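Just below is one structure, and these are the notes that go with it.
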């Protein structure tokens with residue numbers, strides 16, 4: 001099981017849970033100096049996608 005799966009398994013579908021999973025997704029990322037902005041961008045994209053996927057579901 002990956003860190004992302006572990007962060008989401010059994011967790012409520014909340015922004016806080018998604019932020020934890022997004023942090024796990026980028027753990028260990030080593031971007032080049034010119035690409036460092038992409039790590040937080042990826043985290044925000046993951047959170048936004050998960051929020052959109054669970055919109056309207058019981059959280």
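In full-length UniProt numbering, the protein residues as written are 1 to 59.
All residues carry an ideal CB built from backbone N, CA and C; glycine is no exception.
Every value quoted in this text rests on a predicted model; they were computed, and no experiment measured them.
TODO: Could you tell me if residue 50 is buried or exposed, where buried requires 16 or more neighbouring beta carbons within 10 angstroms of its beta carbon?
DONE: Along the chain shown, one-based indexing puts residue 50 at 50. So residue 50 ends up on the buried side.
Task: Runs of alpha helix (DSSP H) wholly within the stretch 10-37 (minimum 4 residues, chain order) - done: 15-26
Task: Three-pair Cβ contact test at 8 Å for the stretch 4-15 versus the stretch 37-45 - done: no
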